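First the structure, in the form of structure tokens, and then the observations on it.
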Amino acid sequence: MAESREHTFTGVRGLNTVREWPNDEPRYVVILIHGYGEHIGRYEHVADRLVRHGAAVYGLDHVGHGRSEGDRVLIEDFEDVVTDVHAVEERARADHPGVPVVAIGHSMGGMIAARYAQRYGTGLAALVLSGPVIGEWEVLPALLALEEIPDIPIDPATLSRDPAVGAAYAADPLVWHGPFKRATLEAFATTLTAIAKGGTFGALPTLWVHGEDDQLVPLGPSRGGIDAVRGTDLTERIYPGARHEVFNEVNKDEVLDDVTAFVDRALAGR
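Heads up: the sequence shown at position 112 corresponds to 132 in the numbering used here, and the numbers run straight through without jumps.
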């Protein structure tokens, strides 16, 4: 695996931890944006593949996640998280002036990346959305309608057809295994509305990857959300039988091949 290092910076709501997978002469920079309840350390193999493809990779643990400060999984405003991600991009640009930047976000991170593209997309060379929470996320109104949020953890079996992925997730002490926080769910709803009203991605090359059998963020409602914001350059890859975490699926090499081929095309078109 590629070597990595960590640093911290003061984000909008506290001290955030960032992991870097360096590359002395990168062809491009990747900003990795992780999903709900997890942390950037679960993307070691993704970063390794991207470094070998020519990238320098950066990713933060969002507020309340992983090694960053904050009440666990409490995000009161995703605009603050977008601002924190932009601070990481600014650090990456300072390290690698003039190098094109690609944003890659998974699940909640896909939602954050979509909003990021609306706010800062003019500075991006490409955007990758993996199983993004976008459009209508049916679990959201159902949970918010309840008087008390049930303490039902995510079923690890919904992540991947590879049982080792679920086992590692269940045993990971940096993963949150408790209930949603109501304020976080309300922030999800606010952000999905903001994305729907925020305009398209324009000419930004965008790759949407999704598992056909994604039970956590079902394909159909996400398609509606993608259609609302897609610009003039959208590529989609739907993987038959794949579950939520396509970067951790049994065909993850195929998925990462698709990502790197897409990045090559986007960079060649600049």
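Glycine included, C-beta positions come from ideal geometry on N, C-alpha and C. As the structure is a computational prediction, the values presented were derived from the model and not from experiment.
C-beta contact flag for residue i and residue j at 8 Å
| i | j | result |
| --- | --- | --- |
| Pro238 | Ala286 | no |
| Gly289 | His230 | no |
| Ile53 | Gly86 | no |
| Val101 | Val83 | yes |
| Gly74 | Tyr56 | no |
| Gly198 | Ala223 | no |
| Ala67 | Ala133 | no |
| Arg181 | Glu64 | no |
| Gly218 | Arg135 | yes |
C-alpha distance - residue i paired with residue j, whole-angstrom precision
| i | j | result |
| --- | --- | --- |
| Leu94 | Asp81 | 13 Å |
| Arg113 | Asn36 | 18 Å |
| Ala76 | Ala214 | 30 Å |
| Trp196 | Glu45 | 36 Å |
| Leu163 | Ala123 | 30 Å |
| Thr178 | His264 | 6 Å |
| Gly34 | Ala203 | 17 Å |
| Gly141 | Phe221 | 7 Å |
| Glu99 | Ala207 | 9 Å |
| Met131 | Glu58 | 15 Å |
| Pro161 | Phe282 | 35 Å |
| Leu144 | Glu256 | 19 Å |
| Leu149 | Pro183 | 24 Å |
| Asp115 | Thr280 | 22 Å |
| Pro260 | Asp277 | 16 Å |
| Asp171 | Asp192 | 18 Å |
| Gln235 | Val266 | 12 Å |
Other residues of its chain near residue i: CB distance less than 7 Å, five sequence neighbours each side excluded
| i | result |
| --- | --- |
| Thr103 | Val32 |
| Pro241 | Gly155, Glu156, Trp157, Glu158 |
| Ala248 | Gly155, Ala216 |
Close Cβ partners of residue i (< 8 Å) along its chain, the five nearest in sequence each way excluded
| i | result |
| --- | --- |
| Ala187 | Pro176 |
| Gly244 | Gly155, Glu156 |
| Phe200 | Val93, Leu163, Ile169 |
Distance cut-off 7 Å: residue i Cβ against heavy atoms of the ligand ATP
| i | result |
| --- | --- |
| Asp182 | Absence of the ligand ATP is noted for the structure shown, with no ligands found whatsoever. |
Selected residue, minimal CA-CA separation from residue i, among the options
| i | options | result |
| --- | --- | --- |
| Thr210 | His85, Leu163, Asp97, Val49 | Asp97 |
| Gln138 | Trp157, His106, Glu110 | His106 |
| Glu89 | Leu205, Asn271, Phe200, Phe29 | Phe29 |
| His27 | Asn271, Gly79, Ile51 | Gly79 |
| Gly125 | Pro260, Leu227, Val119, Asp277 | Leu227 |
| Ile51 | Ser127, Asp91, Gly118, Ala146 | Ala146 |
| Pro173 | Leu166, Ala165, Tyr189 | Tyr189 |
Chain-order list of residues whose beta-carbon lies under 6 Å from that of residue i (same chain, five-residue window excluded)
| i | result |
| --- | --- |
| Val274 | The amino acid at residue 274 is misidentified as Val; the sequence shows Glu. Closer than 6 Å at Cβ, skipping near neighbours: no residue. |
| Trp41 | Ala22, Ser24, Ala67, Val71, Val77 |
| Arg304 | The chain is shown from 21 up to 290; residue 304 falls before or after that span and cannot be answered. |
| Ile258 | His230, Glu232 |
N- and C-terminal bounds of the beta strand (DSSP E) containing residue i
| i | result |
| --- | --- |
| His230 | 226–231 |
| Arg25 | 25–31 |
| Val49 | 48–53 |
| Gly34 | 34–41 |
| Ile124 | 121–126 |
Any chain C beta carbon closer than 8 Å to residue i
| i | result |
| --- | --- |
| Val266 | No chain C appears in the structure shown, which is made up of a single protein chain. |
Unbroken alpha helix (DSSP H) run spanning residue i, endpoints
| i | result |
| --- | --- |
| His106 | 98–115 |
| Ser150 | Taken as a continuous stretch (DSSP letters only), Ser150 belongs to no alpha helix (DSSP H), being part of the beta strand (DSSP E) at 146–150. |
| Ile246 | 239–249 |
| Thr280 | 272–288 |
| Gly261 | Looking at the DSSP string, Gly261 is not in any alpha helix (DSSP H), and its letter there is neither H nor E. |
| Ala12 | In this structure the chain extends from 21 to 290, so residue 12 is not present and cannot be described. |
| Leu163 | 159–164 |
| Tyr63 | Here Tyr63 belongs to no alpha helix (DSSP H), and DSSP marks it neither H nor E. |
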